[in-house]
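Undergrad: Here it is, the structure in full.
Residue numbers (my numbering): 7 to 214.
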């Protein structure tokens, strides 16, 4: 629910949540009513639900675990950024707070995970990084890739095939508005992406 909501629209519809979890709307409604009774969400029929302050803290705690585990799997066990999500998701609910703290310390307290998502602090604070989609940059702009929004394995493997990873630098070499594409020069070569693909690549135009 935390990932589906945003500051402008904190309420998440039952149908949207059911689709995200691959569950029936009836099952999700029962879950939301149970969480509402525990004070973790506010629930209204036909509107959906939103996290309470207590629910948001729990969500951020799990998110912190997940992103630290992804970082550990990538940096210590050398798994690809397309391989870390599923195992981190299985582990996040069973590892102890002590182990998470040791992982955080061992990794040097990283601020971002292998996909560029911010890792919440122990108190739930999130330090966001200013970035913009590659699709918005004009010709001649130098950029550094700092965050990938589409984190499906297929998309990440496609980026690998283009020589794109976090920290990759490049220059926007062309834009074709009728074709809705943007071309970039990277160290690995020149590539043309659809604006839809480029919108999933968050970049900085200064220091990452």
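Glycine residues also receive a C-beta, built at the ideal position from the N, C-alpha and C atoms.
From the DSSP output, which residues share a beta bridge with residue 94?
TA: Paired residues: none, contrary to the question.
Undergrad: Spatial neighbours of residue 62 within its chain, please: CB distance less than 8 Å, with the 5 preceding and 5 following residues excluded, ordered by chain position.
TA: 8 and 130
Undergrad: Note down, in chain order, each residue of its chain lying with its Cβ closer than 6 Å to the Cβ of residue 109, except the 5 sequence neighbours on either side.
TA: 74 and 78
Undergrad: Whose C-beta lies closer than 8 Å to the C-beta of residue 169 among residues of the same chain, with five residues either side of it excluded?
TA: 192, 193, 194 and 195
Undergrad: Considering only the alpha carbon of each residue, which of 173, 198, 177 and 178 lies closest to residue 185?
TA: 198
Undergrad: Classify residue 149: buried if its beta carbon has 16 or more other beta carbons within 10 angstroms, exposed otherwise.
TA: buried
Undergrad: Residue range of the beta strand (DSSP E) that residue 35 falls in?
TA: Per DSSP, residue 35 belongs to no beta strand (DSSP E); it is in the alpha helix (DSSP H), 31 to 43.
Undergrad: Leaving out five residues on either side along the sequence, give the residues of the same chain with a beta carbon under 8 Å from the beta carbon of residue 58.
TA: 45, 46, 47 and 48
Undergrad: Rounded to a whole number of angstroms, what is the C-alpha to C-alpha distance between residue 68 and residue 99?
TA: 8 Å
Undergrad: Let me check one thing: in DSSP terms, what residues is residue 149 bridge-paired to?
TA: 176
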